[in-house]
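Notes to accompany the following structure.
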Amino acid sequence: MANQVHCLYCGAKFDEDLPACPDCAAPSHFQQKGFRFGGRRRFLLWFAAFAIATLLVAVWLPR
Ligand SMILES: [Zn+2]
Numbered sequence: 548m549a550n551q552v553h554c555l556y557c558g559a560k561f562d563e564d565l566p567a568c569p570d571c572a573a574p575s576h577f578q579q580k581g582f583r584f585g586g587r588r589r590f591l592l593w594f595a596a597f598a599i600a601t602l603l604v605a606v607w608l609p610r
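Per this note's numbering: the sequence shown = residues 548 to 610.
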């Protein structure tokens, strides 16, 4: 059974597999597999690495 998702525009509940909201016809943003979690986690990882690198450079840079 597919998951139920809430429409980002009108809040209606509909099937995750649907390409668009049946209530307001807005395109569904739950179609791409792994987009919600994988993409954000990878972004956070890169952001953390960038923050640490910036911190190290700030500490080690001659004043
Ligand atoms: Zn909708």
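All C-beta atoms, glycine included, are put in the ideal place defined by N, C-alpha and C.
The structure presented is a predicted model; accordingly, all values stated were derived computationally and were not measured.
Paired residues, beta bridge with residue i - DSSP
i    : result
E561 : This sequence places Phe at residue 561; Glu is not what is there. F561 pairs with V552.
P574 : A567
Integer-rounded CB distance, given that residue j should sit under 8 Å from residue i
i    : j    : result
C568 : F561 : 6 Å
E563 : A549 : 5 Å
Beta-carbon proximity check, residue i vs residue j, cutoff 8 Å
i    : j    : result
L565 : S575 : yes
Residues with a Cβ closer than 6 Å to any heavy atom of ligand 1, in chain order? Every residue passing the under-6 Å Cβ criterion appears here: C554, Y556, C557, A559, C568, D570, C571 and A573.
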